[in-house]
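In UniProt numbering, the protein residues as written are 5 to 481.
Worksheet: one structure, shown below.
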Ligand code: NBP
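Take a look at the structure:
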């Protein structure tokens with residue numbers, strides 16, 4: 005009998021996704037460019053459910069029930085186009101092709117438009133949760149048409165993670181909306197990881213705690229409002245001892261963070277949209293700095309502060325301060341990311357419901373956290389809110405965290421421990437709060453050197469000052 009769904013691309017992600025479908029009782033056609041992967045999947049996991057192994061794209065397509073549901077899980081970029089080009093001539097009107105890779109949302113828009121012309125549905129789906137998520141229940145962010153979601157959505161909801169009985173999968177919006185949201189999700193993930201890393205660095209190089217003690221601090225935090233997958237795994241990483249040397253694992257790892265590019269995409273898109281996502285940007289830049297070997301070699305001897313440790317009384321209190329600073333900075337980073345989702349949604353007419361995004365991120369994905377319930381509630385109360393930070397819960401939490409947050413940023417500056425994530429979050433917060441910003445002076449500078457004009461606080465219109473003549477009234481432009 006025909007297969008209900010097909011997965012092509014059987015590396016770690018595709019293989020586990022196919023197994024997930026099979027474990028949920030779907031008959032799954034499986035295909036991979038190099039057949040060895042298909043054979044290996046059946047040999048190792050064939051007993052988990054009903055698989056139909058296809059050696060060629062033709063066999064794969066022929067194995068599927070109609071309308072055909074196909075999930076592509078290959079390397080993002082040219083490989084995805086290559087697979088689409090092979091599939092499309094073999095498909096029929098109404099068939100649904102989903103791309104579960106980390107595609108750029110603009111590529112997804114292009115592919116969706118091309119397939120729509122041929123009467124096919126293209127569903128760009130962000131999938132988060134890594135290898136384990138793909139197998140046990142990821143968070144899924146599908147875009148595309150509502151008609152496509154009606155056919156494919158129930159299967160995706162079936163295999164997605166569940167929180168309080170609700171699947172971590174929803175129709176995000178048209179064309180590239182799903183991949184856009186997945187991109188911002190990854191950007192937020194970068195910011196969150198950087199903030200956690202800064203918290204560790206401050207506890208280690210400010211308060212003088214050792215990695216195993218810091219692991220304990222993180223475990224305590226994970227029992228509270230910071231409860232999240234990232235805090236949990238951070239404790240595990242810090243508690244790990246390297247088998248070969250007996251040293252803390254974190255001390256034997258080269259301190260150069262790598263990146264695959266979704267953080268960079270998020271910042272590039274934010275620059276285009278004019279949304280300040282400084283938390284994500286600092287996280288991307290921090291990884292870049294860590295990997296800039298000649299630059300860091302050159303910089304190593306630069307003068308630093310003479311005071312380099314907290315005294316022991318201050319060190320004892322410091323962990324609580326850092327917890328507050330972490331929670332506050334995290335709120336800012338998420339608020340910025342959600343603003344980017346709202347801006348992207350407005351720019352591309354996607355009608356994304358931000359509260360729903362917080363809901364489907366509660367399980368399966370890397371940024372899953374207790375805290376997302378707060379974000380969901382904030383958007384349920386007001387979907388169009390300009391920033392999450394003015395929601396009653398956030399406002400109160402920021403109010404009680406702020407003096408600790410300011411102390412932590414000051415300590416970081418005094419001791420010379422880099423904390424770009426904490427610092428930029430605080431600067432953004434103070435920027436939002438400000439009655440007047442020095443942008444007025446920037447406008448004056450721009451008008452002085454370039455006659456770029458300015459607006460006034462007391463009158464409508466656009467003005468230019470004749471700077472060379474003192475006391476002359478400005479000209480209206
Ligand atoms: P990879 O990103 O490593 O891609 C390997 C797969 O792509 C193999 O099946 C390979 O076939 C296939 N492929 C390539 Br490469 N070029 C091809 C071509 N021209 N035609 C057909 N197939 C081709 O696999 P992955 O790590 O499983 O990730 C799959 C997707 O999921 C990626 O877009 C990734 O960004 C995304 N993703 C990954 C994770 C994760 O945790 N790894 C999480 C979330 C999303 P072959 O076997 O014949 O070489």
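Note that the Cβ used here is the ideal one computed from N, Cα and C, for glycine as well.
Quick check on the DSSP output: the alpha helix (DSSP H) that includes residue i runs from which residue to which?
i: residue 28; result: No alpha helix (DSSP H) contains residue 28, which DSSP labels as neither H nor E.
i: residue 86; result: 82-91
i: residue 118; result: 109-121
i: residue 297; result: 297-303
i: residue 44; result: 39-49
In the DSSP assignment, find the unbroken beta strand (DSSP E) run with residue i in it and report its ends.
i: residue 126; result: 125-132
i: residue 76; result: 73-76
i: residue 66; result: Here residue 66 belongs to no beta strand (DSSP E); instead the alpha helix (DSSP H) covers 61-66.
i: residue 12; result: 9-12
i: residue 100; result: 100-103
i: residue 57; result: 55-57
i: residue 34; result: 32-35
What I want to know is whether the C-beta of residue i ends up closer than 8 Å to one or more non-hydrogen atoms of ligand 1.
i: residue 368; result: no
i: residue 77; result: yes
i: residue 14; result: yes
i: residue 131; result: yes
i: residue 22; result: no
i: residue 482; result: Outside the displayed range of the chain (5 to 481) lies residue 482, so it cannot be described from this structure.
i: residue 104; result: yes
i: residue 170; result: no
i: residue 341; result: no
i: residue 1; result: It is not possible to answer for residue 1, since the shown part of the chain is limited to 5 through 481.
i: residue 83; result: yes
i: residue 18; result: yes
i: residue 86; result: yes
i: residue 134; result: yes
i: residue 264; result: yes
i: residue 138; result: yes
i: residue 80; result: yes
i: residue 107; result: yes
i: residue 41; result: yes
Quick one: measure Cβ to Cβ for residue i and residue j, integer angstroms, because I've assumed they're closer than 8 Å.
i: residue 199; j: residue 416; result: Actually they do not touch by this definition, with Cβ atoms about 12 Å apart.
i: residue 345; j: residue 185; result: 6 Å
i: residue 20; j: residue 139; result: 4 Å
i: residue 6; j: residue 67; result: 6 Å
i: residue 91; j: residue 45; result: Not really, about 19 Å apart at Cβ, beyond 8 Å.
i: residue 156; j: residue 371; result: Not really, about 24 Å apart at Cβ, beyond 8 Å.
i: residue 393; j: residue 339; result: 5 Å
i: residue 441; j: residue 435; result: 7 Å
i: residue 341; j: residue 192; result: 4 Å
i: residue 143; j: residue 129; result: Rounded, the Cβ-Cβ distance is 11 Å, inconsistent with contact.
i: residue 176; j: residue 145; result: 5 Å
i: residue 269; j: residue 108; result: 6 Å
i: residue 368; j: residue 195; result: Not confirmed; about 19 Å, so no contact.
i: residue 383; j: residue 389; result: 7 Å
i: residue 77; j: residue 18; result: 3 Å
i: residue 366; j: residue 357; result: Actually they do not touch by this definition, with Cβ atoms about 15 Å apart.
i: residue 219; j: residue 243; result: 4 Å
Going by the C-beta, is residue i closer than 8 Å to any heavy atom of ligand 2?
i: residue 38; result: By its list of ligands, the structure shown excludes ligand 2, since it contains just ligand 1.
Whole runs of the alpha helix (DSSP H) within the stretch 220-278, excluding any shorter than 4 residues: If only complete runs of 4 or more residues are kept, the stretch 220-278 shows the alpha helix (DSSP H) at 233-243, 253-256, 266-277, in order along the chain.
field: Minimum length 4: unbroken alpha helix (DSSP H) runs contained in the stretch 392-461
entry: Listed in chain order, the complete alpha helix (DSSP H) runs (minimum 4 residues) inside the stretch 392-461 are 396-419, 424-437, 443-454.
- request: Quick one: which unbroken beta strand (DSSP E) runs of 3-plus residues sit fully inside the stretch 339-398? Chain order, please.
  value: Listed in chain order, there is nothing to give.
- request: Would you list, in sequence order, the uninterrupted alpha helix (DSSP H) runs of no fewer than 4 residues that lie entirely inside the stretch 141-192?
  value: Counting only runs of 4 or more, we get 150-163.
query: Where in the stretch 310-343 do unbroken runs of the beta strand (DSSP E), each at least 3 residues long, occur, reported from the N-terminal end onward?
result: Along the length of the stretch 310-343, whole beta strand (DSSP E) runs at least 3 residues long do not occur.
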